[in-house]
Amino acid sequence: PYASKIELRGFKSFRDKTEIPLSRGLTVIGGPNGSGKSNIVDALCFVLGWMSAKTMRAERFSDLIFKGGDGRRSPRFAEVSLYFNNEDGGIEVDSKTVVITRTVDEEGKSVYRLNRRRVSRQDIVDLLGKSLSLGEYNFILQGDVEHFVRMDSIDRRKIIDELA
Amino acid sequence: PYASKIELRGFKSFRDKTEIPLSRGLTVIGGPNGSGKSNIVDALCFVLGWMSAKTMRAERFSDLIFKGGDGRRSPRFAEVSLYFNNEDGGIEVDSKTVVITRTVDEEGKSVYRLNRRRVSRQDIVDLLGKSLSLGEYNFILQGDVEHFVRMDSIDRRKIIDELA
Amino acid sequence: KKDAFMRTFEEVSRNFGEIFRELSPGGEARLVLECESNPFEGGVEIEARPGGKEIRRVESMSGGEKSLTALAFILALQKMRSASLYVFDEIDAHLDDEKVPRVARLIKKYSQNSQVIVVTLKDSIMSVADRLFGVTMKDGVSGIVSLELAEYGGD
Amino acid sequence: KKDAFMRTFEEVSRNFGEIFRELSPGGEARLVLECESNPFEGGVEIEARPGGKEIRRVESMSGGEKSLTALAFILALQKMRSASLYVFDEIDAHLDDEKVPRVARLIKKYSQNSQVIVVTLKDSIMSVADRLFGVTMKDGVSGIVSLELAEYGGD
Ligand SMILES: Nc1ncnc2c1ncn2[C@@H]1O[C@H](COP(=O)(O)OP(=O)(O)OP(=O)(O)O)[C@@H](O)[C@H]1O
Ligand SMILES: Nc1ncnc2c1ncn2[C@@H]1O[C@H](COP(=O)(O)OP(=O)(O)OP(=O)(O)O)[C@@H](O)[C@H]1O
Ligand SMILES: [Mg+2]
Ligand SMILES: [Mg+2]
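Residue numbers (our numbering), protein chains in the order written: chain A, 419 to 582; chain B, 419 to 582; chain C, 24 to 178; chain D, 24 to 178.
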């Protein structure tokens, strides 16, 4: 299976429903500083169930909801959906398209859905773990390379130790 | 007056005598990673009398001497000269060209020369201070911008305080 | 000693605002004391409004916006002391292709009154050089090549 | 638990060497235990010999060389777990115009077996995209534009 599309709605700087179709191979995202590129990366972390709002550069989860000063009413929640093409049946769900959705409200409470049906975060994590080997370690976030440059030899050993 | 040329000899990766003529306006230095661009910046810090070897990315001053593994004998000292065009007489030295030279030997001892005549470091600093307003603060070294990005509000206040 | 600090603070803040405006079109930025009654009890906050956006602290900006803001702050500090030589080593690494030419223009402006030496990996900075050098390395030994600046394309 | 560590260490070191070789032509790199008898008493050093130079620790390399070495190390750690999706956000900021296309080629290779999403400011990464998107911002609201990849110049 492969990820076919990301959909953002009210998530950080993406106020309106925004669809980003994904290549089976290499998808590249460009644009000026501050336009929202890293916010898309944050959206991926978010929908895959990451538990630290700080990793997504937010003080608390409710900060992930679009906040604009433009007079229009702010959305009440932030939502990200990740669509998978499951024609090869690799994801143990009985449908050709599998959609994972995560919504967070103004209280910072998250709701997860699988094909629109409400599930627990653990259900999502189990599903992704089995069919997609998706973890936090396949992401290199902005600044990670610089962080590793500043690391000393002890930190490096600890990182390898954690992996072991 | 203006700086007309830098000359490096045995300084870091510049084993052989290397001359770099400078523009009165904007001189730009490019080249691949690791080619020696920042070493030229280090050479400028060095000849202007900076006292911290670590700022020039060396453990001790003798590390600034070219060290190569190629069988040729390593130089016994590192030397940088900075030439100034003094036709406007702005530097209080009675010559049309003023040359500042700093040499460091394998013991890490520095010798300063002004137009080939040996002087003290303080003589150089006084001369530069009067005619050229040259200080450490007009240099933005590689990584400084990233360092300021990571600074917190207290550090910023301290920096302004130091300036006051 | 608070007076000395406040005078410096005001001037750096003014410089900072001007430089930021030049680097970020339609943008505004200022320094804010966390503790106005006693500056030494707090720090100095940076509030910025890059073109068209609402004002917010630098901590909540994007990577490139933080880099631009930090650069403007460093240049603002430097402006406190006039200098005849400036040296900048890779100050453009995190900036997009719209910001880098603005930095080039600012550097060019500096070079009208002072000498400027810039190390860069970016073409748009190399293209405004009065003199351009390439550094090469062979078998661990560095060398210098003088590069001719050819005009490409239309003027 | 030393055995588990040593097995992981050996594999990461092997991955690291391979990836470094791909990113730095003619280069070699390896991980070295500071304290071989008891790894937990020391750290892990990185020794590298970028093409044509002598071997030295990463701490004494140039800014861009450190960045490349750190990237190779991160990718080596990632290789320990197979993944079907990789996301890389601005991993190329400090690399020169000869290294960036090498990173592009490596990313392209990854994308043959996994999905890869890359955020970049660099043209040579954008030019190898299967799909390319530009992010725009207007009045504080982000939008997406699908960009066509046109072939320029000779093939
Ligand atoms: N909850 C939110 N509501 C509205 N805007 C937000 C929200 N959270 C973040 N932003 C805005 O998103 C922008 C940052 O976007 P992002 O970090 O994705 O930029 P970027 O394209 O990665 O830039 P760079 O190239 O500099 O890294 C900032 O302008 C920030 O103010
Ligand atoms: N004393 C020395 N003798 C020989 N080579 C040295 C010495 N000191 C440093 N070097 C070499 O100089 C090189 C670093 O040069 P420098 O930092 O100037 O690179 P750079 O062109 O600025 O690269 P980047 O674009 O990555 O910042 C390294 O390869 C280092 O090994
Ligand atoms: Mg970003
Ligand atoms: Mg450098």
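Ideal placement from N, C-alpha and C gives every residue a C-beta, glycine not left out.
Predicted, not measured: the structure shown is a model, and the values here were computed from it.
Under DSSP, A:Phe432 shares a beta bridge with A:Phe429. Residues of chain C whose Cβ lies closer than 8 Å to the Cβ of A:Gln560 are, in chain order, Gly86. Three or more beta-carbon pairs separated by less than 8 Å are not found between the stretch 81-91 of chain C and the stretch 491-506 of chain A, which leaves the two stretches without contact. Per the C-alpha coordinates, the member of B:Leu462, B:Asp541, B:Arg442 and B:Lys472 positioned closest to B:Arg427 is B:Leu462.
Taking C-alpha positions only, D:Ala99 is separated from D:Ile42 by approximately 7 Å.
In the three-state DSSP reduction, A:Gln560 falls in the coil class, being neither helix nor strand. Not one beta carbon of chain C lies nearer than 8 Å to the beta carbon of D:Leu100. With a threshold of 7 Å, the Cβ atom of D:Glu113 counts as near ligand 3, since some heavy atom of the ligand is closer than that. Going by DSSP, B:Asn503 is part of the beta strand (DSSP E) stretching over Phe495 to Asn503. Taking a contact as a CB-CB distance under 8 Å, the pair B:Val446 and C:Thr31 does not count as one, their CB atoms being some 32 Å apart. For C:Leu118, the nearest CB of chain A lies under 8 Å from its own CB, placing it at the interface with that chain. Take the alpha-carbon of C:Lys25 and the one of A:Glu524: they are about 43 Å apart. Listed along chain D are Gly75 and Lys76, each with a C-beta nearer than 9 Å to that of C:Asp162. For B:Leu546, the enclosing alpha helix (DSSP H) stretches over residues Arg539 to Leu550. A distance filter of 5 Å between CB atoms and the heavy atoms of ligand 1 selects the following residues in sequence order: A:Lys430, A:Ser431, A:Asn451, A:Gly452, A:Ser453, A:Gly454, A:Lys455, A:Ser456, A:Asn457, A:Phe484, A:Lys485, C:Ser85, C:Gly86 and C:Gly87. Distances between the C-beta of D:Val142 and the heavy atoms of ligand 3 include at least one below 7 Å. Ranked by Cα distance from A:Pro450, the first of C:Ser150, C:Glu70, C:Gly74 and C:Asn38 is C:Gly74. Looking at the DSSP output, C:Met160 bridges to C:Ser165. Counting C-beta atoms within 10 angstroms of its own C-beta, A:Asn457 has 16 or more neighbours from the protein chains shown and is therefore classed as buried.
Each of D:Ile167, D:Pro62 and D:Ala71 was checked against the Cα of A:Ile578, and the nearest Cα belongs to D:Pro62.
Only exposed fits B:Arg478, as fewer than 16 other CB atoms lie within 10 angstroms of its CB. One Cα belongs to B:Arg539, the other to A:Leu482, and the distance between them is close to 56 Å. Straight across, the Cα-Cα distance linking A:Ser513 with A:Gly507 is about 8 Å. Listed along chain C, no residue sits closer than 8 Å to D:Leu91 by beta-carbon distance, the nearest being about 13 Å off. By the neighbour-count criterion, in which a residue is buried when 16 or more other Cβ atoms sit within 10 angstroms of its Cβ, C:Glu77 is exposed. Put simply, the CB of B:Tyr501 is far from chain C, with every gap to its CB atoms at 8 Å or more.
Counting along the chain, no alpha helix (DSSP H) covers C:Ser137, and no H or E run does either.
With respect to D:Phe156, A:Ile438 sits close: the two C-beta atoms are nearer than 8 Å. When DSSP states are grouped into helix, strand and coil, B:Pro439 belongs to the strand group.
At a beta-carbon threshold of 8 Å, the residues of chain C lying near D:Glu113 are Gly86 and His117, ordered along the chain. Interface residue (Cβ-Cβ distance to chain D less than 8 Å): B:Pro419 is not classified as such. C:Glu51 is the residue among C:Asp112, C:Ser165 and C:Glu51 whose C-alpha sits nearest the C-alpha of C:Glu88. CA-to-CA, the gap between A:Ala421 and D:Pro124 works out to about 26 Å. Measuring C-alpha to C-alpha distances from C:Asp162 to each of D:Leu172, D:Met29 and D:Gly49 identifies D:Gly49 as the nearest. Less than 8 Å separates the beta-carbon of C:Ile97 from that of B:Phe566. The Cβ atoms of C:Gly66 and B:Arg574 sit closer than 8 Å to each other.
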